[in-house]
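Residue numbers (the numbering used here), protein chains in the order written: chain A, -10 to 145; chain B, 713 to 909.
Structure, as structure tokens:
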Amino acid sequence: MKHVVDELSALLDGALDPAARGRVESHLATCAGCRAERDRLSGALAALARLPAAPEPSPYFAARLAARLAQEPSRGLLGRLSAWRWRLALPAGGLAAAALAGVLVVRQQRGLELAAAAQLDLLQEYETVASLDDVETAEDAAVIAQLDTLDRRGAP
Amino acid sequence: MSQDHDAALLLAFQRGDAAAFRLLYERNARAMIAFCHRFVRDAARAEELAQDVFVKLYRSAHRYQPSARFKTFLYRVATNHCLNEVRRAEFTARAAGPLGEDQAPDLDALPSGAPDPLQVAEARSLEQAVVALLGALPEKQRAAFVLCRFEGMSYEEIAETLETSVSAVKSLIHRATVSAAAALAPFGPGDGEEAVS
């Protein structure tokens, strides 16, 4: 009698075709050793099912990704910043981080500063951002306060 | 919405529709963070890896062919990136040590939601055992195991993601599951809990 140990994971995963499944199940009905191995494997799957769920994304995940994508050289910085419209999707804390990240990107890329400010609609919301409870440190407040030195055309 | 919608979004992004990429992100970010966490079992590192994956997707979107399912395309990028990560000596050394504070099980994520001390202790031990298990598995087994056991992918989807055959995936998953049975034996069915059959 040929044992079916190598088929047991696929059996438990429902990955056997009907004919193979029938063969394996017929064998299991008569083989205590293979049944014991099946139960051992299914015990491991049951243990894995008890693992805690993966953690929730942090509030600033989206903002940090936006900042990284804003530094990508292709496809044009302005179009991306405009299209993503992070303020519509992010919680308040994320909005503050997005604004800060956006400001840092603009400051680091002096050549794009004026044009980026014209497109980055987050900058138009500086008053809202500045009022968020999440902006707690003096350093953050100082950065945000500089936003009002740029008008929609980016002119100081 | 179907996976085809994700493919359509990526094609729209190829044509210059930047908003399509944002929709792709919104639809897949949470799953991608969870996938990376399953791979590295570290919340902060998982977020970094997930961000890397989206940046890579952004950069490589022009190479996407509609013949490939978006899900397998995305997970292929993510799997390769996570494998590269776990090859790094830094991660290997960190993973071999005890769980840090950021790796401790999230009490709110426990199945019952109740921080029973025994349950917390068991969850922590189980988490450590799974970290050790994943760290000990060969790369391909580890990838196939995570995609199957945590992402719920079919053998066919895993084969497409790993660019191998279904029979190879079957073998990889079985060998990894046998290893898991040995590593997780102390966490087997308790009183009143029957094995899955």
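All residues carry an ideal CB built from backbone N, CA and C; glycine is no exception.
Keep in mind the model is a prediction, meaning the values are calculated, not measured.
Since residue i is in the alpha helix (DSSP H), which residue starts that stretch and which ends it?
i, result
"G22 of chain A", "21 to 38"
"H(-8) of chain A", "Element bounds for H(-8) of chain A: n/a, residue is neither H nor E."
"M744 of chain B", "730 to 752"
"F785 of chain B", "782 to 799"
"H16 of chain A", "7 to 17"
"Q763 of chain B", "755 to 772"
"F50 of chain A", "50 to 59"
"R727 of chain B", "Per DSSP, R727 of chain B belongs to no alpha helix (DSSP H) and is neither H nor E."
"Y867 of chain B", "867 to 874"
"G3 of chain A", "From DSSP, G3 of chain A is part of no alpha helix (DSSP H); its letter is neither H nor E."
"S883 of chain B", "878 to 895"
From the beta carbon of residue i, is the nearest beta carbon of chain A less than 9 Å away?
i, result
"C860 of chain B", "yes"
"A758 of chain B", "yes"
"R742 of chain B", "yes"
"S883 of chain B", "yes"
"A780 of chain B", "no"
"E839 of chain B", "yes"
"F899 of chain B", "yes"
How long is the line joining the alpha carbons of residue i and residue j, rounded to whole angstroms?
i, j, result
"V767 of chain B", "R57 of chain A", "8 Å"
"R788 of chain B", "M744 of chain B", "12 Å"
"R836 of chain B", "P778 of chain B", "42 Å"
"A(-1) of chain A", "E834 of chain B", "28 Å"
"A756 of chain B", "H16 of chain A", "47 Å"
"Q113 of chain A", "K882 of chain B", "The predicted position of Q113 of chain A is uncertain, since its pLDDT is 40 and thus under 50; no value can be drawn from it."
"C748 of chain B", "D754 of chain B", "9 Å"
"L859 of chain B", "Y776 of chain B", "21 Å"
"L838 of chain B", "Q763 of chain B", "27 Å"
"S866 of chain B", "A4 of chain A", "8 Å"
"D(-5) of chain A", "G11 of chain A", "15 Å"
"L761 of chain B", "Q840 of chain B", "21 Å"
"S879 of chain B", "A21 of chain A", "26 Å"
Are the C-beta atoms of residue i and some chain B residue less than 9 Å apart?
i, result
"P44 of chain A", "yes"
"R53 of chain A", "yes"
"Q113 of chain A", "With a pLDDT of 40 at Q113 of chain A, under the threshold of 50, the modelled position of this residue cannot be trusted, and the question is left open."
"D2 of chain A", "yes"
"A35 of chain A", "yes"
"S15 of chain A", "no"
"P41 of chain A", "yes"
Just confirm the distance between the C-beta atoms of residue i and residue j, as a whole number of angstroms; I'd bet it's less than 8 Å.
i, j, result
"A661 of chain B", "L874 of chain B", "Here chain B comprises residues numbered 713 to 909, so residue 661 of chain B is not present and cannot be evaluated."
"G722 of chain B", "F782 of chain B", "For the record, residue 722 of chain B in the displayed sequence is Leu; it is not Gly. Yes, L722 of chain B and F782 of chain B are in contact; Cβ-Cβ is about 6 Å, under 8 Å."
Under 8 Å, CB to CB, which of the residues in the segment 761 to 775 of chain B have a partner in chain A? Taking 8 Å as the upper bound on Cβ-Cβ separation, chain A lies near residues A762, Q763, F766, V767, Y770, R771 of the segment 761 to 775 of chain B.
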